[in-house]
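In my numbering, the protein residues as written are 25 to 615.
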């Protein structure tokens, strides 16, 4: 077996746990995060210390002491300074959290885009997009709660206990014991909430994926009169999502009810104790007001921290669900610092290649093929013969298990995937266009191309005449997957894109099979211009499209069973000759 390659951006570099991933994507924005935390520290310290100033002010008022004016000024001054600190934390936190949110989306999308084609084949595109969005939004929410809820609450609790201790140690002890019980209980309860939130996020992702799938195929839904059936299908996922939402919400309400009960107990205890101490002369009126103010502040903060913990766990569930799906190991990876592949001639050599999609289901076993630079080769064979797999291996959509593939005597497995694919132009059976302008679609493979180069490619692809007749010309949006264009028009855009890329190797995968006769004639003429002196591999069931090939390979069960020109294969009177005789107007019977 061929040894697996290790990628530079290995899983160890991207934490898969939600909080660790949040820290990871925050690191480069520490210039905002640290000052924001300091601003909150100062703001909360000043806010809590004002309880002590209020105590002094009340006692001065009670005694009609002249210092009451000084304490009043201090109270206002501290309030003003703390306000500046809080607003500073807002400005700094805005930069930290927003940048981290976008960095998280960028990192996740970067990792997602490196997955192999088989990964995307098994998943809804809409669901994956939702996971990226939910994860980045969840990180935004978690960091916001950390900065303005959790951190200030812990500070308030510690500072309140210090001030209460200065008034009467027993008060600080009660606050401390109650707070520890409250936080431990909520930490235990929140574990259950995390599991419920994860399940809710997963259900929502499935729901959105189903909706996107139906909208993407809405024409099929209409043509088969299946609208009501699809509504019922979506309803099942809505009911599942709704049930999980209610279950999670009921749990949250139960936690809040328990927290409210604990808060009532604390307030009652503190009121009874402070009033008793006041009656015994152990506390002043100002100290009673200070303690009650501190207690209310703690209760208010912890009430919100209880609901915040529930909200954070919902965000945590969304983030974790996205990370679990997106940050899976890549099936196809480059070596660390893999060199770029440089292809000038376009010579192709597959040497002793063995490959299977699943264990026990081999497609190729010790397969060998040599295509000299500039040669035009057609691939023929029944479905499952290995034609498409051959081109997918050449494009390195999958890695071979044994053997090697060489382009210009360079092993493609040790070079970067992107440099390999830059050396190959690919024209698929159905056009693969973005919902962007015609100009953007043609220039996709050569982003620095000038408008004149794009127009020239369109002219060579026989696309310019219909493009110039469109209202917006080259700025016309083609719709999702090119739905605003006819099949022949969209295919000519694909050919223009391949022409502009001008790679030394060209793969044509049933490039004309889905077109009508007139569109096929125009596309075929465009393909003749595109082929030029390139090395060409053309897959076709319509054998008439391969007559001009230098060589035709007939494949069966992952092996080449016949190899020669059209006339040579007819004279051989084997599989190719049989297929040719079965054709009617260039189509295979039953194909």
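Backbone N, C-alpha and C define an ideal beta-carbon position, used for all residues, glycine too.
If you're wondering where the values come from, they're calculated on a predicted model, not measured in any experiment.
- Taking a cut-off of 8 Å on C-beta distances, the stretch 37-46 touches the stretch 331-349, as three or more cross pairs fall below it.
- As summarised for the stretch 378-438, the continuous alpha helix (DSSP H) elements at least 4 residues long and confined to that stretch are 411-418, given in chain order.
- Between residue 122 and residue 163, the C-beta spacing is not below 8 Å.
- Counting only residues of its own chain and dropping the five nearest sequence neighbours on each side, residue 575 has a CB closer than 6 Å to the CB of 401.
- Residue 424 and residue 435 have their C-alpha atoms spaced approximately 12 Å apart.
- Across the structure, residue 563 and residue 555 are spaced so that their CA atoms are roughly 14 Å apart.
- In the three-state scheme derived from DSSP, where H, G and I count as helix and E and B as strand, residue 447 is classed as coil.
- Residue 277 sits exposed, since fewer than 16 C-beta atoms from the chains shown fall within 10 Å of its C-beta.
- Beta-bridge partners assigned by DSSP to residue 586: 578.
- Beta-bridge analysis with DSSP links residue 533 to 563.
- Here DSSP, grouped into helix, strand and coil, assigns residue 509 to coil.
- Using a Cβ-Cβ distance cut-off of 8 Å, the stretch 283-302 and the stretch 216-227 are not in contact, since fewer than three pairs of beta carbons, one from each stretch, lie closer than that value.
- With 16 or more neighbouring CB atoms inside 10 Å of its own CB, residue 196 falls in the buried class.
- Between residue 322 and residue 296, the alpha-carbon positions lie close to 17 Å from each other.
- Residue pairing for residue 501: DSSP places it in a beta bridge opposite 461.
- As the crow flies, the alpha-carbon of residue 49 is around 26 Å from that of residue 227.
- When only Cα atoms are considered, residue 498 and residue 508 end up about 14 Å apart.
- By the Cβ test, the stretch 511-524 is in contact with the stretch 441-459, since at least three Cβ pairs between them sit closer than 8 Å.
- In this structure, the straight-line span from the alpha carbon of residue 79 to that of residue 314 is close to 5 Å.
- With a 10 Å radius around the Cβ and a threshold of 16 neighbouring Cβ atoms, residue 154 comes out buried.
- Just measuring C-alpha positions, the residue of 254, 309, 325, 203 sitting nearest residue 235 is 254.
- The C-beta of residue 338 has 16 or more other C-beta atoms within 10 Å across all chains shown, which makes the residue buried.
- Linking residue 596 to residue 238 through their CA atoms gives a straight-line distance of about 49 Å.
- Contact check for residue 95 against residue 84 passes: the beta carbons are separated by less than 8 Å.
- The alpha-carbon separation between residue 361 and residue 138 amounts to approximately 15 Å.
- Distance from residue 280 to residue 365 at the Cβ level is roughly 60 Å; contact not present, criterion being Cβ atoms closer than 8 Å.
- Residue environment for residue 107: exposed (fewer than 16 other C-beta atoms within 10 angstroms of its C-beta).
- Excluding sequence positions up to five before and after residue 310, its CB lies within less than 6 Å of the CB of 79, 82, 83, all in the same chain and listed in chain order.
- For residue 170, there is no enclosing alpha helix (DSSP H), as DSSP gives it neither H nor E.
- For residue 246, the three-state secondary structure derived from DSSP is helix.
- In this chain, the alpha helix (DSSP H) harbouring residue 69 covers 54-87.
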